[in-house]
Every structure is written in C-alpha cells, then in structure tokens.
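Below is one structure, written out as structure tokens; the observations come after it.
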Amino acid sequence: MTVRLTLLCAAAPVERDVRFADAPLDDRALRETRAIAGTLPTADTRYSAPSQRCTQTAKALGWDAVTLEPALRDVDMGSWRDRSLGEVAASDGAGLAAWMSDPDAAPHGGESVTEVCRRVSAWLDALPEDAGRLLAVVEQAVARAAVVGVLGAPPQSFWRVDVPPLSTVQFTGRGNRWNLRMGTASTAPVGGDG
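If you read the sequence shown in this note's numbering, its first letter stands for residue 39, the second for the next number, and so on.
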C-alpha cells in the first residue's frame, strides 16, 4: 500500500522581528488557516508538531482528533531560543554565520541542521507501510528537512528549500522509498504579495 503524506507548514503570525520562538497565531493567521481548511486532502491520520503555532493551526483547521508527534518539533535553538535574529546576529554573528553555512554546526548548543534532517528522515522511515493517507501540521524546518531527506540531498541544501506558511509538501512512499509529489495551488491567500 502506498502512503500519501501531506505536510502543511504551520500558519505564522505577522512579526516585526524574526524570532527563534513559538509565537501564538494572530487573527490574520487564524483567518487564513480557516480559509484553506476545505482545500486540504482527506486523511486517515492527522499529526501536529507539539508547538503552539502548529496546534493552533490544527485547531483552526477544525481538526477534532490529532496526534501530537514530538519528532515533528521545531529545531532546538538552544541559547538562541526566544531571541530575535537581529539580537543573535549582534551578539553571536560568527555563530549565526556558521549555523547558516555549516549543517553540522550548533553554536547555540541545540540541534544542527544535520540532526534535524536525520530526525525527520527517521520519522518518515518509521511510518508503517499501511498508514494510508496522512496529514501533518509541521514547522517550516521540518518541511525543509523532509524535502532534503526524500530527495537524498545533502543537508547543505536545507536553506535552499522555501516553505511559506500554510503551504503543502506532498510525498508518496512505500517502505523506505519516498517520492516528492508536486501539489496544486491553494485557493486561499497565503500572505506575501498575493
């Protein structure tokens, strides 16, 4: 049986500063999420990363039953957690540059990009072959890591995968063989320049 997995990148609040934090969704993000609820594929099982933004996205979609999956959590940002990108750049510019250019670097004491890619690939490989249709609300980093893993790309390509809020990435698989499946455009606005 082929497993069909759709990853939905969680909604995101409008933020003045990009932060390494789990900010609650604002009214705009909740409205945009509710607007796409009917456009998502059906699922036998629904998952969510345990973060506030992912669980709020799942709730705004009207999901009654969802399995919280720790393997889908965001990158452990260590000492950078709850800090803005600007603050980190000002206090640890060399560390930030290393983290963005070397997938094995973890100057913040948390996870490296390589570790995130391994964690997500392990979750994909552990899914049972008879799982059917799966839908998961995930962090942007998890969607990136899944694409990198499925394509067998090196972890250096992590930063070259753009996954906007409320976008989907679809995979089909059997056993440990996964394929990236290109989806259709959503009918709801997803922010940006529309």
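All C-beta atoms in this analysis are idealised placements derived from N, C-alpha and C, irrespective of residue type, glycine included.
Along the segment 147–208, the alpha helix (DSSP H) occurs as fully enclosed runs of 4 or more residues at 151–164 and 178–189, listed in sequence order. According to the DSSP assignment, R66 belongs to no beta strand (DSSP E) but to the alpha helix (DSSP H) extending over D65 to I74.
Contact check between the segment 202–211 and the segment 173–191: three or more CB pairs, one atom from each, fall below 8 Å, which counts as touching. The three-state reading of DSSP puts T93 in helix, counting H, G and I together.
V52 sits exposed, since fewer than 16 C-beta atoms from the chains shown fall within 10 Å of its C-beta. T71 and A49 do touch by the CB rule: their CB atoms are close to 5 Å apart, below 8 Å.
Judged by beta-carbon spacing, L134 lies within the 7 Å limit of A127, meaning their Cβ atoms are closer than that value. Sequence-distant partners of F196 (beyond 5 residues in either direction) whose C-beta falls short of 7 Å from its own C-beta, in its chain, are P141, V151, C155, R182, A183 and V186. Under the DSSP assignment, W216 falls in the beta strand (DSSP E) whose first and last residues are R215 to R219. Note that the C-beta distance between V188 and L165 is not below 7 Å.
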